[in-house]
Amino acid sequence: MAKVKSKVQKSKNSKKQPKKEAPTLSLQERLAQKRQATKARKEFMDLLTKSLSGALFLGFLLFLVAGIKAALPAVLGVLVMSFSYKYPRQALIAFIIYVPFGGTITYYIGNSPILQLAKDSFYIPAAIALWQICRKQKLPFIIPKQIKIPLFILLGSCFLTLVFINGGQQFNPPPAGLLEEPVKEFPIGLGILGLKVLLGYVSLITCIYYLIRNKQDFFLLSRLQIVLIIACCVLGLIQYLFLLTGICEGTRNLEGSALFKATLEARCYFGGSLVYSPSQGIIRLPGTFVAPWQWAWFLISSTFFAFATGFSDPSIFWRLISLGSMALIFVNAVISGQRIALGLVPTCFVMLLLLTGQIANLKRFIPIGVGLVMILGIAVVSNPVVVQERIDSFASRWNASPPQDFIIQQFEENLKDTDSPLGSGLGRATNSARALGKTKLVETYYPKLIYEIGIFGVLGFLALVTTLTFTAFTTYRSIKNRNFRSYAASMWVFILFISYNTYYYPLDVDPVSVYYWLGAGILFKLPVIDKQEKEDANPEKATNKKGLKIKF
921 MAKVKSKVQK
931 SKNSKKQPKK
941 EAPTLSLQER
951 LAQKRQATKA
961 RKEFMDLLTK
971 SLSGALFLGF
981 LLFLVAGIKA
991 ALPAVLGVLV
1001 MSFSYKYPRQ
1011 ALIAFIIYVP
1021 FGGTITYYIG
1031 NSPILQLAKD
1041 SFYIPAAIAL
1051 WQICRKQKLP
1061 FIIPKQIKIP
1071 LFILLGSCFL
1081 TLVFINGGQQ
1091 FNPPPAGLLE
1101 EPVKEFPIGL
1111 GILGLKVLLG
1121 YVSLITCIYY
1131 LIRNKQDFFL
1141 LSRLQIVLII
1151 ACCVLGLIQY
1161 LFLLTGICEG
1171 TRNLEGSALF
1181 KATLEARCYF
1191 GGSLVYSPSQ
1201 GIIRLPGTFV
1211 APWQWAWFLI
1221 SSTFFAFATG
1231 FSDPSIFWRL
1241 ISLGSMALIF
1251 VNAVISGQRI
1261 ALGLVPTCFV
1271 MLLLLTGQIA
1281 NLKRFIPIGV
1291 GLVMILGIAV
1301 VSNPVVVQER
1311 IDSFASRWNA
1321 SPPQDFIIQQ
1331 FEENLKDTDS
1341 PLGSGLGRAT
1351 NSARALGKTK
1361 LVETYYPKLI
1371 YEIGIFGVLG
1381 FLALVTTLTF
1391 TAFTTYRSIK
1401 NRNFRSYAAS
1411 MWVFILFISY
1421 NTYYYPLDVD
1431 PVSVYYWLGA
1441 GILFKLPVID
1451 KQEKEDANPE
1461 KATNKKGLKI
1471 KF
């Protein structure tokens, strides 16, 4: 009894112990901080002066030659790239925020093909700056190291295609037919842009890996994704309401085939081209993106991020917020008119429940599941006609053109049309590169790769994504912390799903072209944070933390 009382008394005394106060800085340390702040302000002002001068000079020249539509993006581009190189950390955060709003911003500034690459003015300078920092601090830039060999094999194959196929088209173009004018194109530029689309964001894995320094940075990034999802989904809902109430006309007053085609003239405040012809039962909304199908893939990919935070965040507040974001994703999948979103959003949710094991985590699954069912039930009861229209549209499209038959037909066609084992040229089936040369529309991903880089390139790409998927699996399985492991499991399922998906080409365009590598970067950093948490809990067992000491 006495021992029990003494233990209780000790626990009470320990609770009453005052918290350790932050150490008071010495005069020398305060002066050093002041000098550092003064130096940072001076560097900022110097950079602002130089970059603004250069941007205005370039903008003035372009204004004289091509007008304000060319001058304004150039001025903004120089400023953004200068600051992104100097402050790569902030640039990467800006890049992540910009991606889901890029389509809307593009059409507010001006409809220029250059603006489609605006997000890269944040990403590319930041990636270059990080590469230089890694060289200086002798840290690995290719992460994880397991993908290095397949990545180099794929790059080698792409280089051969670029030199021999695109180069041959550049310096020995095919003769024009009788009474035909030769096509004006730039095959080398087409190939470079095609390579950028194919592998340009691989280094985002490294950028995100070093961007996340600790647990706080991880939660900041995961919660930022939820905020972005909610913001975009709310704007998508507003867009639908504007069309429904007649604030935006859409395509309802057009005639003939125009009733069924997405057009930029029908744009409704956010995003780009859309179709809204209720008399024909046709609706295709772009949300905040350039095209409707990009919006569909944003909703699909957002399912993984919302699920991950909803089941892994230690804060009940953020778990509830994530529940709300999942409900908004489901609602937008219905009202957007995108059949692929309507089919894949619930499918991916069920797949996540099964493959991550969360269906057995009753403590968290039941509240989230019941809440989601209630929200969706209210939405369905409130709009039964809309839901029935979308289901009927999905069923009719599936019956008219089953996806498996479409994919097989695309494989057969492009295997037959490919010019050589090295393909028909990088960029030749990349829609975003059509300004530089003639391109072919291939609506499935792996047939598109076969057409561009041939069978050897496709095998190299499969080796890369298979290595990445397997390494992601073993990495997530090595994590001990339950919350980190749950988030990593969701990212692994996302990587698995996108790596072998061939229906359409989401890896070619926003947002999946970014989110795929973003998810991988988060996943591969979580074991390091898990280890860091253990070392913080047991400082006497702490080991070398060199990988966390990068400064940028």
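Count along the sequence shown starting at 1, add 920, and that's the number in this note's numbering. Just so you know, even glycine gets a beta-carbon here, dropped at the ideal spot from N, CA and C.
How many Å lie between proline 1093 and glycine 1076 at the Cα? What you label residue 1093 is simply residue 173 of the sequence shown in a count that begins at 1. What you label residue 1076 is simply residue 156 of the sequence shown in a count that begins at 1. Cα to Cα, proline 1093 sits roughly 24 Å from glycine 1076.
Should aspartate 1325 go down as buried or exposed, given a rule of 16 or more other Cβ atoms within 10 Å for buried? The residue labelled residue 1325 in the question sits at position 405 within the sequence shown. With fewer than 16 Cβ atoms within 10 Å of its Cβ, aspartate 1325 is classed as exposed.
For alanine 1228, which residues from the same chain have a beta carbon less than 6 Å from its beta carbon, with the 5 sequence-adjacent residues on both sides left out? Position 308 of the sequence shown holds residue 1228. So the qualifying residues of the chain are Tyr1407, Ser1410.
Buried or exposed, going by whether 16 or more other CB atoms sit within 10 Å of the CB of leucine 1274? Along the sequence shown, read from residue 1 onward, the residue named residue 1274 stands at position 354. So leucine 1274 ends up on the exposed side.
Give the DSSP-derived three-state secondary structure of phenylalanine 1190 in the structure shown. Within the sequence shown, numbered from 1, the residue matching residue 1190 stands at position 270. Three-state result, phenylalanine 1190: strand.
Excluding the five sequence neighbours on either side, which residues of its own chain have a C-beta within less than 6 Å of the C-beta of tyrosine 1435, listed in chain order? Residue mapping note: residue 1435 aligns to position 515 of the sequence shown, counting from 1. Leaving aside the five residues that flank tyrosine 1435 on each side, the residues in its chain whose CB is nearer than 6 Å to its CB run, in chain order, Ser1221.
Does arginine 1397 come out as helix, strand or coil in the three-state DSSP assignment? Within the sequence shown, residue 1397 is the residue found at index 477, counting from 1. Looking at arginine 1397 - three-state DSSP - the assignment turns out to be helix.
With a threshold of 16 other CB atoms inside 10 Å of the CB of threonine 944, please say whether the residue is buried or exposed. Sequence index remark: in the sequence shown, residue 944 carries index 24 (1-based). Flag for threonine 944 reads exposed.
Assigned secondary structure, threonine 1229 (DSSP; H/G/I helix, E/B strand, else coil): The count along the sequence shown starts at 1 and reaches residue 1229 at position 309. In this structure, threonine 1229 counts as helix in the three-state DSSP scheme.
Considering only DSSP beta bridges, list what arginine 1204 is partnered with. Taking the sequence shown and counting its residues from 1, the one referred to as residue 1204 is at position 284. DSSP, once it has assigned bridges, lists Val1195 as partnering arginine 1204.
Just checking my contact of glycine 1022 with aspartate 1430 at CB under 8 Å: how many whole Å lie between their CB atoms? As a first step, residue 1022 is located in the sequence shown; it is residue number 102 there, counting from the start. As a first step, residue 1430 is located in the sequence shown; it is residue number 510 there, counting from the start. About 6 Å; that satisfies the 8 Å criterion.
Under the three-state DSSP convention, the category tyrosine 1007 falls into: Position 87 of the sequence shown holds residue 1007. Note: tyrosine 1007 maps to coil in three-state DSSP.
Is the Cβ-Cβ distance between threonine 1024 and glycine 1191 less than 9 Å? Position 104 of the sequence shown, counted from the start, is the residue given in the question as residue 1024. Position 271 of the sequence shown, counted from the start, is the residue given in the question as residue 1191. Taking 9 Å as the cut-off, the beta carbon of threonine 1024 is found closer than this to the beta carbon of glycine 1191.
Are there 16 or more other CB atoms within 10 angstroms of the CB of alanine 957, so buried, or fewer, so exposed? By 1-based counting over the sequence shown, the position of residue 957 is 37. The residue is exposed, with fewer than 16 neighbouring Cβ atoms inside 10 Å.
Cutoff 9 Å: arginine 1055 Cβ touching any chain C Cβ: Within the model displayed, chain C is absent; a lone protein chain is all it includes.
Contact check, proline 1020 vs cysteine 1152, beta carbons under 9 Å: Here residue 1020 refers to the residue found at position 100 of the sequence shown. Here residue 1152 refers to the residue found at position 232 of the sequence shown. A contact, by the Cβ cut-off of 9 Å.
At the level of alpha carbons, what is the spacing between threonine 1208 and glycine 1230? Taking the sequence shown and counting its residues from 1, one reaches residue 1208 at position 288. Taking the sequence shown and counting its residues from 1, one reaches residue 1230 at position 310. Going from the Cα of threonine 1208 to the Cα of glycine 1230 covers about 23 Å.
Short of 6 Å in beta carbon distance, which residues of its chain neighbour phenylalanine 1414, apart from the five on each side in sequence? Order them along the chain. Translated into positions along the sequence shown, residue 1414 becomes position 494. Closer than 6 Å at the Cβ level, and outside the excluded window around phenylalanine 1414, lie Phe1224, Gly1439.
Taking only the alpha-carbon atoms, compute the straight-line gap between proline 1060 and cysteine 1054 and give it to the nearest angstrom. As a working mapping, residue 1060 is identified with position 140 in the sequence shown. As a working mapping, residue 1054 is identified with position 134 in the sequence shown. Proline 1060 and cysteine 1054: Cα-Cα distance of roughly 6 Å.
Near glycine 1467, what residues of its chain come up, given a Cβ to Cβ distance below 8 Å and the 5 sequence neighbours on each side ignored? In the sequence shown, counting from the first residue as 1, residue 1467 sits at position 547. Caution is warranted here: a pLDDT of 43 is assigned to glycine 1467, below 50, making its placement in the model unreliable, and the coordinate value is therefore given only provisionally. Contacts found: Leu1059, Val1448.
Cα separation between leucine 1113 and tyrosine 1005? If you number the sequence shown from 1, residue 1113 lands on position 193. If you number the sequence shown from 1, residue 1005 lands on position 85. For leucine 1113 and tyrosine 1005, the distance between alpha carbons rounds to 22 Å.
Compare the C-alpha of isoleucine 1150 against each of Leu1219, Tyr1423, Ala1186 and name the closest. Within the sequence shown, residue 1150 is the residue found at index 230, counting from 1. Minimum Cα distance to isoleucine 1150 is reached at Leu1219.
Using the three-state DSSP reduction, which class does glutamate 1453 fall into: helix, strand or coil? Position 533 of the sequence shown, counted from the start, is the residue given in the question as residue 1453. DSSP places glutamate 1453 in helix when its eight states are reduced to three.
Identify the continuous alpha helix (DSSP H) that holds glutamate 1169 and give its terminal residues. Within the sequence shown, the letter at position 249 stands for residue 1169. Looking at the DSSP string, glutamate 1169 is not in any alpha helix (DSSP H), and its letter there is neither H nor E.
May I ask you to verify whether the stretch 1122 to 1141 touches the stretch 1345 to 1362, counting CB pairs closer than 8 Å and requiring at least 3? no
C-alpha gap between serine 1245 and isoleucine 1418, whole angstroms: If you number the sequence shown from 1, residue 1245 lands on position 325. If you number the sequence shown from 1, residue 1418 lands on position 498. One C-alpha to the other measures close to 21 Å.
Would DSSP call threonine 1223 helix, strand or coil? Counting from one through the sequence shown, the residue named residue 1223 turns up at place 303. Threonine 1223: helix per DSSP, three-state reduction.
In three-state terms, what does DSSP make of threonine 1364? By one-based count along the sequence shown, residue 1364 stands at place 444. Looking at threonine 1364 - three-state DSSP - the assignment turns out to be strand.
State buried or exposed for valine 1000, treating a residue as buried only when at least 16 other CB atoms are found within 10 Å of its CB. Here the question's residue 1000 lines up with position 80 in the sequence shown. Answer is buried; the Cβ neighbour count reaches 16.
Give the DSSP-derived three-state secondary structure of threonine 1126 in the structure shown. For the purposes of this step, residue 1126 is taken as the residue at position 206 of the sequence shown. Helix.
Would the beta-carbon of arginine 1172 fall within 9 Å of that of serine 1256? Within the sequence shown, residue 1172 is the residue found at index 252, counting from 1. Within the sequence shown, residue 1256 is the residue found at index 336, counting from 1. Not closer than 9 Å, so no.
Give, in chain order, every unbroken run of the alpha helix (DSSP H) that is at least 4 residues long and sits entirely within the stretch 1103 to 1152. 1107 to 1119, 1124 to 1131
Option nearest isoleucine 1108 by Cα separation, candidates Tyr1129, Phe964, Thr1081: Here residue 1108 is taken as the residue at index 188 of the sequence shown, counted from 1. With distances taken between Cα atoms, isoleucine 1108 lies closest to Thr1081.
Would you identify the three-state DSSP class for threonine 1183, choosing helix, strand or coil? For the purposes of this step, residue 1183 is taken as the residue at position 263 of the sequence shown. Three-state DSSP puts threonine 1183 in a strand.
Which one of Tyr1189, Leu1184, Leu1164, Ala1226 has the shortest CA to CA distance from serine 1199? The count along the sequence shown starts at 1 and reaches residue 1199 at position 279. Cα-wise, what sits closest to serine 1199 is Leu1164.
Around the C-beta of glutamine 953, are 16 or more other C-beta atoms found within 10 angstroms, so that it is buried, or is it exposed? On the sequence shown, residue 953 is found 33 positions in, with the first residue counted as 1. It is exposed - the Cβ of glutamine 953 has fewer than 16 other Cβ atoms within 10 Å.
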